[in-house]
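Step one of this worksheet: look at the structure below.
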Amino acid sequence: MIKNLQLCVFGLVVFILPLALRNNYYLMALNIAALNVMIVIGLNLLMGYAGQISLGHAAFFGLGAYLSAILTTTYGFATWPTILGAMAITAGIAYIIGIPTLKLEGHYLVMATLGFNVIVYIIMIQLSALTGGPSGFAGIPRLQIGGFAFDSDRKIYYLFWAVSIGVLTLSLNLIRSRAGRALAALSHNEVAARCTGVDTETFKVKIFVISAAMASLAGSLYAHYISFISPGSFNIFFSLQAVTMVLVGGMGSLWGSVFGAILLSLLPEVLHGVKEYNVLVYGFILMTVLMFFPKGLFPAIRSFGAAVVRKKT
Amino acid sequence: MLLKLFQFTLSGLTIGSTYALIAIGFSIIHNATGIVNFAQGEFVMLGGMFMITFYGYLKLPMAPAFALSVFAVAFIGMLLEKTTLRQSKSKEILNLVMITVGASIFIKGLSMAVWGKNAMTLPPFSGEDPILVFGAAIMPQSIWIFGITVGVVAALNTFFIRTRTGKAMRAVAASRRSALLAGIPVNRMIALSFFLSGALGAVAGIILTPVTTISYDAGVMLGLKGFSAAILGGYGSMIGAVAGGLLLGVLESLGAGLVSSEYKDVLAFLILLIVLFFKPAGIFGKGALRRV
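These protein sequence lines are chains V and W, in that order. Residues in the first sequence are numbered from 294 upward in steps of one, following the numbering used here. Residues in the second sequence are numbered from 17 upward in steps of one, following the numbering used here.
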């Protein structure tokens with residue numbers, strides 16, 4: 294019940310916010326934040342609930358973007374079915390990668406997914422006949438439903454946040470389901486989970502596939518929104534950004550992920566001059582959060598807030 | 017054709033030697049702490065960068081420049097362990113691994129601020145006239161790379177087998193708790209393992225830079241190659257690291273020469289994924305890699 298209330302309040306805030314914003318630049322930043330929320334929620338399902346880690350989510354994000362771009366622009370497929378198709382193809386690739394690598398312990402998985410990201414990145418650059426190579430792929434059609442075109446940042450805002458809240462709702466339901474409890478058991482102690490009859494291997498692969506599909510969805514939407522993509526947006530630095538967002542928000546807290554994704558997406562926009570040193574800043578945030586708040590910044594702030602409230606009463 | 021294969025193999029062994037050094041660095045830290053150090057590739061990049069600074073800009077003679085660069089990176093390696101990993105509240109493996117990931121991009125960002133974005137290079141250590149061996153051309157730099165790698169591996173081997181400190185480090189690798197009970201200063205050994213890994217990475221970076229080039233973002237790729245080499249040979253084993261490095265170098269060179277040079281970096285990761293799939297313990301591994 295409380296969960297539903299939280300969702301309603303959040304939805305309301307998201308709905309009202311653009312009415313107060315006159316500047317399209319902020320809307321654009323919020324639109325990108327909405328996409329990051331989708332990716333980070335998916336990644337958190339994998340990290341916080343299945344206890345696995347992926348430094349390759351930028352590859353899935355990029356696969357979604359490039360598949361959408363190529364299939365719609367070069368081959369003239371319809372937009373929405375292509376987005377679903379891209380999700381299915383990305384999910385299939387994640388399945389093939391996931392089976393061997395998810396058998397391994399965490400840090401080998403980190404390296405394997407990182408390697409996968411590098412492979413996809415190189416292919417994006419080298420397969421220039423199809424992808425446009427390092428200079429990118431332009432002229433991707435804008436989104437539309439029926440005759441209604443999403444041709445302004447404001448219209449895109451409502452679309453993206455609706456999708457992103459949808460993803461959040463589905464994920465919240467997933468972790469409250471039987472499968473979610475199995476995942477929770479898995480993330481605490483894999484051996485114990487298996488002893489109680491949880492098919493851990495299948496669950497890990499499934500959640501990996503689901504989170505890859507979410508990243509692919511965000512990628513497709515990104516491609517159709519910006520209408521130009523280049524490999525630089527999908528290198529491992531973006532994977533690291535996504536992981537940092539999960540860790541700042543706290544592993545295993547989906548609301549934390551929403552917070553982490555929005556905070557870190559808007560941070561460079563607010564702090565001018567930081568963009569130049571983006572890499573440095575992310576490295577620093579990642580290190581310090583992990584060192585001092587291994588459970589995440591968001592949960593730390595929340596418990597601090599709770600402690601303050603308790604003291605006052 | 018045969019000559020071509022011979023030529024590819026030689027250049028593969030050259031590059032492979034540096035992969036071997038990086039792979040040994042991974043192994044040493046893994047044995048001491050159980051973690052994968054993602055900043056290993058940054059050590060390689062830093063080695064090249066420091067050498068360019070000391071030798072190329074400050075015009076120091078080669079030997080002191082080499083020594084200073086190795087020492088500087090080794091010190092950074094030790095600093096990394098002391099300031100981040102040891103201070104971490106959670107000692108969970110994955111948490112520590114992710115800290116090294118953060119450290120690696122932090123170092124990358126700093127290097128970009130210090131050395132800029134352009135790729136830089138060094139002149140070869142001694143001339144550029146190729147030496148002909150059975151009709152195949154070998155660059156003098158390749159001989160330097162071979163020689164230094166063999167020397168470093170031999171020295172490390174002696175260190176681990178003959179010296180007290182080396183034995184202490186192996187004891188920590190075998191069992192941290194027993195080592196502590198036997199009075200070995202475990203924390204100092206861990207710091208030393210980072211020092212050694214930093215030094216190894218720096219050596220790899222210094223000898224490699226004249227052959228390729230180095231830029232602030234080269235570390236990730238080199239680190240991944242070294243890791244693939246370590247996995248291929250058997251993670252944590254020194255012979256494995258050397259064999260894996262050389263094998264990866266040769267496979268990559270043959271792949272680039274015979275199939276396609278654009279995709280040569282892809283090959284290393286395909287090998288990595290295949291090894292992880294079929295024989296995660298690697299060629300020389302004893303099944304030590306725990307599968308869950």
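Beta carbons: idealized from backbone N, C-alpha and C, even for Gly.
With respect to the 8 angstroms criterion, Thr-34 of chain W and Ala-246 of chain W are not classified as neighbours on the basis of their beta carbons. For the segment 482-500 of chain V, the set of residues with a beta-carbon nearer than 7 angstroms to any beta-carbon of chain W comprises Glu-483, in chain order. Close CB contacts of Phe-443 of chain V within its chain, under the 7 angstroms cut and outside five residues either way in sequence, are with Arg-435, Leu-436, Gln-437, Ile-449 and Leu-452 (chain order).
Residues of chain V whose Cβ lies closer than 9 angstroms to the Cβ of Gln-103 of chain W are, in chain order, Met-584 and Phe-585. The beta carbons of Ile-44 of chain W and Ser-191 of chain W sit no closer together than 8 angstroms. Restricted to the segment 172-197 of chain W, the alpha helix (DSSP H) segments that are unbroken, complete and at least 4 residues in length are 180-190 and 192-197, listed in chain order.
Note that the segment 484-499 of chain V does not touch the segment 348-362 of chain V; fewer than 3 beta-carbon pairs, one per stretch, sit closer than 8 angstroms. For Ile-154 of chain W, the enclosing beta strand (DSSP E) has its first and last residue at 152-154. Two segments are said to touch when three or more pairs of C-beta atoms, one from each, lie closer than 8 angstroms; by this definition the segment 173-193 of chain W does not touch the segment 52-62 of chain W. When C-beta atoms of the segment 100-114 of chain W are compared with those of the segment 578-591 of chain V, three or more pairs fall below 8 angstroms, so the two segments count as touching. Look at Val-149 of chain W here: in three-state DSSP terms it is strand. Counting the other CB atoms within 10 Å of its CB gives His-350 of chain V a total of 16 or more, which places it among the buried residues. Counting along the chain, the unbroken alpha helix (DSSP H) around Thr-493 of chain V starts and ends at 493-519. Counting only Cβ-Cβ distances below 9 angstroms, Ala-119 of chain W has contacts in chain V at Gly-576, Leu-579 and Met-580, in chain order. Exclusion of the five residues before and after Gly-182 of chain W leaves Phe-175 and Phe-176 as the residues of its chain whose Cβ lies within less than 6 angstroms of its Cβ. Under DSSP, Ala-442 of chain V shares a beta bridge with V:Gln-437.
Glu-278, Tyr-279, Asp-281, Val-282, Phe-285, Leu-288, Leu-289, Leu-292 and Phe-293: these are the residues of the segment 269-295 of chain W whose beta carbon lies less than 7 angstroms from some beta carbon of chain V, given in chain order. If you compare the alpha carbons of V:Ile-578, V:Gly-490, V:Ala-431 and V:Ile-503 with that of Val-541 of chain V, the shortest gap goes to V:Ile-578. Taking a 10 Å sphere around the C-beta of Met-17 of chain W, we find fewer than 16 other C-beta atoms and assign the residue as exposed. Residue pairing by DSSP leaves Phe-293 of chain W without any beta bridge partner.
In terms of Cα proximity to Val-572 of chain V, the closest of V:Ala-600, V:Ser-532 and V:Arg-471 is V:Ser-532. With the criterion set as a beta carbon lying under 9 angstroms from some beta carbon of chain V, the segment 200-214 of chain W has no members that meet it.
For Ile-200 of chain W, no alpha helix (DSSP H) encloses it, and the DSSP letter there is neither H nor E.
Our two residues, Val-411 of chain V and Met-237 of chain W, have alpha carbons roughly 8 angstroms apart in a direct line. Judged by their CB atoms, Ala-36 of chain W and Gly-261 of chain W are nearer to each other than the 8 angstroms cut-off. For Phe-370 of chain V, there is no enclosing alpha helix (DSSP H), since its DSSP letter is neither H nor E. If you draw a straight line from the Cα of Thr-462 of chain V to the Cα of Leu-300 of chain V, it comes to about 8 angstroms. Residue environment for Thr-116 of chain W: buried (at least 16 other C-beta atoms within 10 angstroms of its C-beta).
Secondary structure of Met-136 of chain W (DSSP, three-state): strand. Contact annotation: Met-61 of chain W and Leu-138 of chain W have beta-carbon atoms that are not nearer than 8 angstroms. If the five residues before and after Ser-520 of chain V are omitted, its C-beta is found closer than 8 angstroms to the C-beta atoms of Ala-431, Gly-432, Ile-433, Pro-434 and Arg-435, all from its own chain and listed in chain order.
The beta carbons of Val-86 of chain W and Gly-63 of chain W sit closer together than 8 angstroms. Short of 7 angstroms from the beta carbon of Leu-328 of chain V, and not among the five residues preceding or following it, lie these beta carbons of its own chain, in chain order: Phe-453, Ala-511, Leu-514 and Tyr-515.
If you look at Glu-278 of chain W, you'll find it isn't in any alpha helix (DSSP H); DSSP assigns it neither H nor E. The C-beta distance from Ile-346 of chain V to Val-403 of chain V rounds to 5 angstroms, short enough to fall under 8 angstroms. By the beta-carbon neighbour count (other beta carbons within 10 angstroms, threshold 16), Pro-524 of chain V is buried.
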